[in-house]
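A.B. asks: Questions regarding the structure given below will be posed in turn.
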DNA sequence: GATATTTCCTAATATCATTAGGAAATATGT
DNA sequence: ACATATTTCCTAATGATATTAGGAAATATC
């Protein structure tokens, strides 16, 4: 299996070169020659591994997001309470973004642009990633930890929107600070939107 | 002034053609030939009006966003109370997006990608657009209408993030529904994050 | 050791963005 | 009205770059 092994190595080298260059110079300004040089190949050889530049762009975040999805279950396992799960989700995701800023940059800045994004494997994986949040809000609503009238889909929009917003700004500002800086405060702010109104009084009410 | 008049007309024709094609097919897939044909010109003539394709891309949202900025002051004039201002801001902005979906699409989907975005006039105008929100939250905090410990910058992040998120999804889904559908509910959800905790009790407390 | 397959390369080819150079139309000054 | 300057536009270049052709070198398979 030395053949397929070396094939995997070359493929990985191409992916990593592309990732680096896309994130540094942007998708448009990165040429196939750039990528293949960086990977120590000719342009033509690259086409043995990928159908083209766009295929390459779509492959990178695909790997990252499906790995995220695999990890998420495990991370939330055993955590009790909707708010605690929500906190874990946020801290986990932000950490993952800080650990893989190049992947994050490609997902957040270059993918949405792409006309095929909605038909992508990445898109459906991202949707899955976010659907966990809907479940968490649903649980919170049911247990009375959160508002009885809470709409889980809209709560997810607030949560994901805020998360994506601070991540996008961080990426545009070239990751010059830590995403964790105000995370606690912003989390508490959001939770106030979701939590039942009078936590010190009885939150169980009969219809 | 027939000369400069006709010049303006041609320029506008180019802008509108580009706007339409960029929004329909994306920036990359739209060619200069496409745009100039649509505008009834040769490619070369287009270069009399714009420095190139990227210049064209950046000009379109520049016009839209500076017009928004001019309008905003007037729209908020005479509205009393931070929550009322916030509501007006949201309804105004969402309406503007629905009225100019092509411009919105270019701002939201193609601009962030661009490496020069942060050095753009558009960027500084968008920042100005958002800075109104910070003022509103500051006012709300001072008058006691909102939490005394509210961080106006973070509140803005929640508000803008949520707004941008629902707009981006709407654009990706090809504007097949109305942005106003759940707006009331989502607004109330967010306001719960900002408002003082016990509105029925005294909200003035001494440190 | 011979043959098939994979991996890679050097050169086309094709598709644009952009520029050159100049013609036609329009404005300006007399 | 005429001559000249300026603006607007056009038909080709030119140049960059994604992709493909065709085949050589390396590697695997029998």
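Residue numbers (the numbering used here), protein chains in the order written: chain Z, 4 to 210; chain F, 4 to 210. Backbone N, C-alpha and C fix where the C-beta goes; we use that ideal spot for every residue, glycine too. Note that this is a predicted model, so its numbers are computed, not measured.
#1: Starting from residue 158 of chain F, find everything on chain Z with Cβ-Cβ shorter than 8 Å and list it in chain order.
#2: Are there three or more Cβ pairs, one per stretch, closer than 8 Å when the segment 132 to 143 of chain F is compared with the segment 78 to 87 of chain F?
#3: Compile a chain-ordered list of the residues in the segment 99 to 113 of chain Z whose CB is closer than 7 Å to at least one CB of chain F.
#4: Do you know how far the Cα of residue 170 of chain Z is from the Cα of residue 198 of chain Z?
#5: Just mark residue 159 of chain Z as buried or exposed, buried being the case when its beta carbon has 16 or more other beta carbons within 10 Å.
#6: With a threshold of 8 Å between beta carbons, is residue 129 of chain F in contact with chain Z?
#7: Whole alpha helix (DSSP H) runs in the segment 54 to 101 of chain F with 4 or more residues, listed along the chain?
#8: Pop quiz: residue 233 of chain F and residue 192 of chain Z are said to be a contact at Cβ under 8 Å. What is the actual Cβ separation, rounded to whole angstroms?
#9: State yes or no: is the C-beta of residue 49 of chain Z nearer than 7 Å to some heavy atom of the ligand GTP?
#10: Output, in chain order, the set of chain Z residues within a Cβ distance shorter than 7 Å of residue 195 of chain F.
#11: Are the beta-carbon atoms of residue 14 of chain Z and residue 43 of chain Z separated by less than 8 Å?
#12: By the three-class DSSP mapping on this structure, what secondary structure does residue 23 of chain Z have?
#13: Nearest-angstrom Cα distance between residue 132 of chain Z and residue 65 of chain F?
#14: Leaving out the 5 sequence neighbours to the left and right, which residues in its chain are closer than 7 Å to residue 112 of chain F when beta-carbon positions are compared?
#15: Output, in sequence order along the chain, the residues in the segment 25 to 53 of chain F whose CB is closer than 8 Å to any CB in chain Z.
#16: Excluding the 5 residues flanking residue 4 of chain Z on each side, which residues of the same chain have their C-beta closer than 6 Å to its C-beta?
#17: Grab the span of the alpha helix (DSSP H) containing residue 146 of chain F for me, first residue to last.
#18: Quick one: list the residues of chain Z neighbouring residue 125 of chain F, beta-carbon separation under 7 Å, in chain order.
#19: Among the candidates F:163, F:180, F:168, F:45, whose CA atom is the shortest distance from the CA of residue 89 of chain F?
#20: Here's the rule I'm using: 16 or more other beta-carbon atoms within 10 Å means buried, otherwise exposed. How should residue 36 of chain F be labelled?
#21: Just to confirm, are residue 95 of chain F and residue 78 of chain F a CB contact at a threshold of 8 Å?
#22: DSSP three-state call for residue 115 of chain F: helix, strand or coil?
#23: Below 8 Å, can you find three or more Cβ-Cβ pairs linking the segment 48 to 64 of chain F to the segment 113 to 128 of chain F?
#24: What number of angstroms, rounded off, separates the C-alpha of residue 81 of chain Z from the C-alpha of residue 139 of chain Z?
#25: Quick check: is the beta carbon of residue 79 of chain Z nearer than 8 Å to any beta carbon in chain F?
#26: I need the DSSP call for residue 198 of chain F, collapsed to helix, strand or coil.
#27: According to the neighbour-count rule (16 or more other Cβ atoms, all chains shown, within 10 Å of its Cβ), is residue 62 of chain F buried or exposed?
#28: Is residue 20 of chain Z buried or exposed, if buried means 16 or more other CB atoms sit within 10 Å of its CB?
#29: Helix, strand or coil: how does DSSP classify residue 178 of chain Z here?
#30: Would you mind reading off the limits of the alpha helix (DSSP H) that contains residue 36 of chain Z?
#31: Please state whether the Cβ-Cβ distance between residue 101 of chain Z and residue 49 of chain Z is less than 8 Å.
#32: Is the shortest distance between the beta-carbon of residue 167 of chain Z and the beta-carbons of chain F less than 8 Å?
#33: Using a C-beta to C-beta distance shorter than 7 Å, which residues of chain Z count as neighbours of residue 188 of chain F?
#34: Taking the CB atoms as reference points, tell me whether residue 196 of chain Z and residue 195 of chain F lie closer together than 8 Å.
#35: Does the Cβ of residue 211 of chain Z have 16 or more other Cβ atoms within 10 Å, making it buried, or fewer, making it exposed?
#36: How about residue 32 of chain Z and residue 109 of chain Z: are their beta carbons less than 8 Å apart?
C.D. replies: The answer reads as follows:
#1: Residues of chain Z passing the Cβ test: 192.
#2: At 8 Å Cβ cutoff, the stretches touch.
#3: Within the segment 99 to 113 of chain Z, the qualifying residues are 112, 113.
#4: 24 Å
#5: With 16 or more other CB atoms across the displayed protein chains lying within 10 angstroms of its CB, residue 159 of chain Z is buried.
#6: no
#7: Here the runs fully enclosed are 56 to 79.
#8: There is no way to answer for residue 233 of chain F, as the model of chain F reaches only from 4 to 210.
#9: No copy of the ligand GTP appears in this structure; indeed no ligand is present at all.
#10: 195, 196
#11: no
#12: helix
#13: Answer to the nearest angstrom: the Cα atoms are 35 Å apart.
#14: 174
#15: 28, 29, 30, 31, 32
#16: Residue placement at residue 4 of chain Z is flagged as unreliable, the pLDDT there being 28, under the threshold of 50; a coordinate-derived value is accordingly withheld.
#17: Run containing residue 146 of chain F: 124 to 146, per the alpha helix (DSSP H) assignment.
#18: Within 7 Å Cβ-Cβ: nothing; residue 125 of chain F doesn't reach chain Z, min ~13 Å.
#19: F:163
#20: Residue 36 of chain F comes out exposed.
#21: yes
#22: Assigned with DSSP and collapsed to three states, residue 115 of chain F falls in coil, not helix or strand.
#23: Yes, the segment 48 to 64 of chain F is in contact with the segment 113 to 128 of chain F.
#24: 13 Å
#25: no
#26: strand
#27: Buried is the label assigned to residue 62 of chain F, since at least 16 other Cβ atoms lie within 10 Å of its Cβ.
#28: buried
#29: coil
#30: 35 to 42
#31: no
#32: yes
#33: 154, 157
#34: yes
#35: The shown model of chain Z, from 4 to 210, leaves out residue 211 of chain Z, and the question about it has no answer.
#36: Going by C-beta atoms, residue 32 of chain Z is not nearer than 8 Å to residue 109 of chain Z.
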